[in-house]
Amino acid sequence: MLIDSFDRKIEYLRISVTKQCNFRCQYCMPDTPENFLDKDSLIPLDKMFEFVKVAIDEGIKKIRITGGEPLLREDLSSFIASIRSYAPSIELALTTNGYFLKKYAKSLKESGLDRLNISLDSLKPSRVVVISKRDVLPQILEGIDEAQRVGFPIKLNMVPLKGINDDEIIPMLEYASQRNMTLRYIEFMENHHANSKLRGLNEAEILQIISQKYKILEIPKQTLGPSKSFKLAENNAIFGIIAPHNDDFCKSCNRIRLTSEGTICPCLYYQEAVDAKEGILEGDLAKMRESIRLSVKNKPEKNQWDLDQNEHSARAFYYTGG
Ligand code: SAM
Ligand code: SF4
Numbered sequence: 509m510l511i512d513s514f515d516r517k518i519e520y521l522r523i524s525v526t527k528q529c530n531f532r533c534q535y536c537m538p539d540t541p542e543n544f545l546d547k548d549s550l551i552p553l554d555k556m557f558e559f560v561k562v563a564i565d566e567g568i569k570k571i572r573i574t575g576g577e578p579l580l581r582e583d584l585s586s587f588i589a590s591i592r593s594y595a596p597s598i599e600l601a602l603t604t605n606g607y608f609l610k611k612y613a614k615s616l617k618e619s620g621l622d623r624l625n626i627s628l629d630s631l632k633p634s635r636v637v638v639i640s641k642r643d644v645l646p647q648i649l650e651g652i653d654e655a656q657r658v659g660f661p662i663k664l665n666m667v668p669l670k671g672i673n674d675d676e677i678i679p680m681l682e683y684a685s686q687r688n689m690t691l692r693y694i695e696f697m698e699n700h701h702a703n704s705k706l707r708g709l710n711e712a713e714i715l716q717i718i719s720q721k722y723k724i725l726e727i728p729k730q731t732l733g734p735s736k737s738f739k740l741a742e743n744n745a746i747f748g749i750i751a752p753h754n755d756d757f758c759k760s761c762n763r764i765r766l767t768s769e770g771t772i773c774p775c776l777y778y779q780e781a782v783d784a785k786e787g788i789l790e791g792d793l794a795k796m797r798e799s800i801r802l803s804v805k806n807k808p809e810k811n812q813w814d815l816d817q818n819e820h821s822a823r824a825f826y827y828t829g830g
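Under my numbering, read the sequence shown as residues 509 to 830, first letter to last.
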């Protein structure tokens, strides 16, 4: 069992399988060049699987695969199938921009993946171009359709941005609930790599907009993790808000993150991390175990959001996987 210095049980591992992405979202990597990735720096997935086995043996019970865009990584379905066959009862999820789901949803389902989070910030094609810098809404919507057809439960992730998509807070909620998906609003998290002109909406502002049309009921928290859940009194539609700007955000944090280059990050907004690359590449189980334990031991009580503007925001979301 993995317990950190503040008595939090760490059961959730997020794995970023690549930093590369086919989109260039304004809040994530708008100015990153197309060919920035050094492919040799990526940990091969068979080596990563050995790390995952150690993590599961140490007490990890939930794994989310993310990126960059994880579906750019070849053989992802086999990687997922290997994890599933090693740990039949583990919770296995994937976060994706949806672009490749039309092609891969079926094989992901067959590999044993449980659920999908799909990022969707707007239902207007021209807005999606503004936000992601790509003309991709039709492909994302087709990907969502295919993922539903093969039977995935889906959460949609939306980052509400002032003057960009804040007038779609209600239409997105209605779109999701009409299709039996749960929408989660994620507060924009300021970081070095994002467009510095962006301004996000916070939890209170999001709730205020929804309450102009619907009566909102808060659902008491049942699981650990950063999302708060709400229900609309009129039709029982459920939605979530991830509000990292709130003071109590870190109290229930149960996660660590592995990057595609073999670094374990105990927190999104905390620079110190454990370099586990050598142990992973050598297949040294004892070294991997030590790295996991060390990163849990070093997990800070709170993120360092407010300490130093340059320091706290230096690590990219497409590196840690958000
Ligand atoms: N490419 C995949 C995707 O977009 O779903 C997975 C990686 S992406 C880094 C994971 C999540 O982080 C997405 O839902 C994205 O909206 C969110 N994200 C990225 N940068 C963010 C930021 N600055 N603030 C809030 N959420 C952010
Ligand atoms: Fe790519 Fe996801 Fe970042 Fe958008 S949020 S640029 S889709 S990694």
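Even glycine gets a Cβ: it sits at the ideal position worked out from N, Cα and C.
Where the beta strand (DSSP E) containing residue i begins and where it ends
i: Phe738; result: 735-740
i: Leu545; result: From DSSP, Leu545 is part of no beta strand (DSSP E); its letter is neither H nor E.
i: Leu584; result: Not the beta strand (DSSP E): Leu584 falls in the alpha helix (DSSP H), residues 584-594.
i: Ser863; result: This structure gives no information on residue 863, because the portion of the chain shown stretches from 509 to 830.
i: Met666; result: 662-666
N- and C-terminal bounds of the alpha helix (DSSP H) containing residue i
i: Thr828; result: 825-828
i: Met509; result: Per DSSP, Met509 belongs to no alpha helix (DSSP H) and is neither H nor E.
i: Ser630; result: Looking at the DSSP string, Ser630 is not in any alpha helix (DSSP H), and its letter there is neither H nor E.
Neighbour-count burial assignment, residue i, 16 or more Cβ in a 10 Å radius
i: Gly659; result: exposed
i: Leu579; result: buried
i: Gln528; result: buried
i: Gly671; result: exposed
i: Lys729; result: exposed
i: Arg801; result: exposed
Nearest residue (CA-CA) to residue i, options the options
i: Arg592; options: Leu793, Ile564, Pro538, Ser627; result: Ile564
i: Glu582; options: Phe608, Ala601, Glu654, Lys721; result: Phe608
i: Asn811; options: Ala794, Asn543, Asp756; result: Asp756
i: Tyr520; options: Asp554, Cys775, Ala794; result: Cys775
i: Ala745; options: Ile718, Ile571, Pro752, Pro552; result: Ile718
i: Ser513; options: Gly829, Thr828, Tyr826, Asn806; result: Asn806
i: Leu789; options: Ser549, Gln720, Lys670; result: Ser549
i: Gln686; options: Glu711, Asn743, Ile551, Gln716; result: Asn743
i: Tyr827; options: Lys517, Ile511, Phe544; result: Phe544
i: Ser760; options: Cys536, Arg516, Asp675, Ile511; result: Arg516
i: Cys622; options: Ala589, Gly787, Lys632; result: Residue 622 is actually Asp in this sequence, not Cys. Among Ala589, Gly787, Lys632, the Cα nearest to that of Asp622 is on Ala589.
i: Asp546; options: Arg532, Leu553, Thr526, Met556; result: Thr526
Residue i and residue j closer than 8 Å at C-beta
i: Leu706; j: Ile724; result: no
i: Ala781; j: Asn699; result: no
i: Ala613; j: Ala655; result: yes
i: Arg640; j: Ser619; result: It should be noted that the sequence gives Ser, not Arg, for residue 640. No, the pair does not count as a contact, with Cβ atoms beyond the cut-off.
i: Glu566; j: Gly791; result: no
i: Ile714; j: Ile750; result: no
Margin query: Does the structure place the stretch 706-718 close enough to the stretch 642-658 that three or more beta carbon pairs sit under 8 Å?
Written below: no
request  = Tell me, please, whether the stretch 620-635 touches the stretch 599-607 by the rule of three or more beta-carbon pairs shorter than 8 Å.
outcome  = yes
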